[in-house]
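Note that the numbering used here has the sequence shown beginning at 60, numbered continuously upward.
Below: the structure, in structure tokens.
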Amino acid sequence: LIAAVKKLKGGDPRQDDTSIRPMISESSAATVEKSVNEAVKAGTKLLVGGKRRGAFMEPMILEDAPFDTDTRKEEIFSPVILLYSYNDFKEAVMEANSTHYGLQAGIFMCDQNKAFYAFEHIEAGGVCLNNSPSMCVDSQPYSGIKDSGIQREGVKYVMDDMLETKVLVMCNV
60 LIAAVKKLKG GDPRQDDTSI RPMISESSAA TVEKSVNEAV KAGTKLLVGG KRRGAFMEPM
120 ILEDAPFDTD TRKEEIFSPV ILLYSYNDFK EAVMEANSTH YGLQAGIFMC DQNKAFYAFE
180 HIEAGGVCLN NSPSMCVDSQ PYSGIKDSGI QREGVKYVMD DMLETKVLVM CNV
């Protein structure tokens with residue numbers, strides 16, 4: 060995983076070979092940098108990356124962030140992978156649900172029974188098996204629960220939200 064992250068190329072999003080783009084603003088990147096630095100001071104292991112240049116954050120892998128750090132309890136919309144160790148799969152699912160957010164979840168495994176268990180028990184708007192939780196197909200609902208929102212994205216769902224439906228019933232016309 061570390062080797063794969065090291066190979067990711069940052070740069071201009073208009074270039075085909077770019078994997079990691081700058082964040083929305085320099086202040087957003089500075090906020091992430093501050094959160095990561097605080098987490099490292101609290102005992103989180105920074106396995107790779109994490110340097111900031113302007114609005115660009117190197118992709119990073121963090122391991123075993125303490126629960127009270129922002130990197131663990133807040134949504135970090137940045138190129139970061141958080142790794143944790145668990146005794147069993149149910150404990151991992153319970154931990155995934157310990158946040159007050161629930162946009163999307165990504166799980167990587169081959170065990171279909173565990174995948175269905177995760178789908179049924181993870182409190183998120185969607186669960187992606189062996190794919191990034193940012194994966195979105197327009198014809199499917201994309202949404203969160205808890206403090207991640209209640210609005211559905213996807214063409215059909217946005218159209219439903221924008222339209223007011225009305226029924227006309229005609230008898231004996």
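Built from N, CA and C at the ideal position, the CB exists for glycine as well.
For this session: Keeping to the same chain, check which residues put their C-beta closer than 7 angstroms to that of Gly208; ignore five residues upstream and five downstream.
Result: For Gly208, where only same-chain residues beyond five positions count, the Cβ hits under 7 angstroms are Ser202.
Exercise. If you draw a straight line from the alpha carbon of Ser94 to that of Ala62, how long is it in whole angstroms?
Worked result: About 24 angstroms.
Problem set entry | 8 angstroms Cβ cutoff met for Leu269 and Ala174 | One cannot answer for residue 269 here, as it falls past the ends of the chain, which runs 60 to 232.
Exercise. Is Val139 near Ile166, with beta carbons less than 8 angstroms apart?
Worked result: No, the Cβ-Cβ distance between Val139 and Ile166 is not below 8 angstroms.
Exercise. Under a CB-based cut-off of 8 angstroms, is Pro81 close to chain C?
Worked result: In the structure shown, chain C cannot be found, because there is only a single protein chain.
For this session: Take every Cβ of the stretch 106-124, pair it with every Cβ of the stretch 64-73, and state whether three or more of those distances are shorter than 8 angstroms.
Result: Put simply, the stretch 106-124 touches the stretch 64-73. At least three CB pairs are less than 8 angstroms apart.
For this session: Compute the Euclidean distance between the alpha carbons of Asn172 and Leu106, then round it to the nearest angstrom.
Result: Distance from the CA atom of Asn172 to the CA atom of Leu106, rounded to whole angstroms, is 31 angstroms.
For this session: For Met116, count neighbouring Cβ atoms within 10 angstroms of its own Cβ and tell me buried if that reaches 16, exposed if not.
Result: Met116 is buried by the Cβ-count criterion.
Exercise. Hey, would you say Asp206 sits closer than 8 angstroms to Tyr160, going by beta carbons?
Worked result: Taking 8 angstroms as the Cβ cut-off, Asp206 and Tyr160 qualify as a contacting pair.
Problem set entry | C-alpha distance - His180 paired with Val152, whole-angstrom precision | Cα to Cα, the separation comes out at about 7 angstroms.
Problem set entry | Buried or exposed (CB count within 10 angstroms, at least 16 for buried), Gly70 | Exposed, by the Cβ-count rule.
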